[in-house]
Amino acid sequence: MVGASSRFIVLEGPDGAGKTTYVKLLAQKLRHAGFKVITAREPSDGPIGREIRRRLKTGDTDGIGEMFLQDREWHMNNVVLPALRKGYVVVMDRYWPSSIAYRRFNHTPPEKVYAQIRKYPEPRIIVLDAPVEVLLERVGRRSDGNFFDKREVIETVRQEYLMLAEKHGFPVVRTDRWPSEVFRDIVAHVEVLS
1 MVGASSRFIV
11 LEGPDGAGKT
21 TYVKLLAQKL
31 RHAGFKVITA
41 REPSDGPIGR
51 EIRRRLKTGD
61 TDGIGEMFLQ
71 DREWHMNNVV
81 LPALRKGYVV
91 VMDRYWPSSI
101 AYRRFNHTPP
111 EKVYAQIRKY
121 PEPRIIVLDA
131 PVEVLLERVG
141 RRSDGNFFDK
151 REVIETVRQE
161 YLMLAEKHGF
171 PVVRTDRWPS
181 EVFRDIVAHV
191 EVLS
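Sequential numbering from 1 applies to the sequence shown in the UniProt record's numbering.
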């Protein structure tokens, strides 16, 4: 899909990094600039995504890695690709890097993730990051008891994201600064706004 990747933007990072907030702000800025925009997230709001969310709250992670792959397939084919074909900019909260970053907890083999994403447009991925103490404080304010909100998980996942960013050349934006500075840095990595 020619040109799709500049219109497919993903914000990644550990829980508490600010993805949801900055997805909303970025979508608003893009709309203000005249773009048609949809926001999306993984897990999706589809049937498998809803089941994943329910299971995460109960701590039932059996087979959840495979469910994430199935949910991504459904989401890409039913939401993301149709929107890109219609000329929308898609701003997404999580995508394939989260399956790799959380692999120790969801048991998803990286080779399965890489095989799956080869058939889809490559997005612009921006990793949001903050020190573990900041992430824990933010997660603590909104925690619903999710298994992934624990210190050990957040520390591990944060390191995985930083290794992925280095390996794949994803820009990393620190979010433990003034929100206006963070947002300016995110926007600087969005080609359609250049």
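Glycine is no exception: its CB is placed at the ideal position from the N, C-alpha and C atoms.
Annotation: R158 to D129 spans about 7 angstroms, alpha carbon to alpha carbon. Measuring C-alpha to C-alpha distances from P47 to each of R151, L26, W74 identifies W74 as the nearest. Proximity to T39 across E137, Q28, A33, H168 peaks at Q28, based on C-alpha coordinates.
Around the beta carbon of S98, 16 or more other beta carbons sit within 10 angstroms, so the residue counts as buried. As computed with DSSP, R124 is found in a beta bridge with I9.
Looking only at I9, G13, S6, S5, the smallest Cα-Cα distance to M163 is reached by G13. Burial of P43 is indicated by the presence of at least 16 other C-beta atoms within 10 angstroms of its C-beta. The shortest C-alpha to C-alpha distance from V172 to any of S5, G18, F8, R7 is the one to G18. Remark: C-beta atoms of H107 and G59 do not approach each other more closely than 8 angstroms. Within the segment 26-61, the complete alpha helix (DSSP H) segments at least 4 residues long are 47-58, listed from N- to C-terminus. When DSSP assignments are scanned along the segment 146-193, the uninterrupted stretches of beta strand (DSSP E) that are 3 or more residues long and fall wholly within it turn out to be 172-174. Bounds of the beta strand (DSSP E) holding M92 are 89-93.
Annotation for L193: V187 place their beta carbon closer than 6 angstroms to its own, counting only its chain and skipping 5 residues before and after. A straight-line Cα-Cα distance of about 33 angstroms links L69 and H32.
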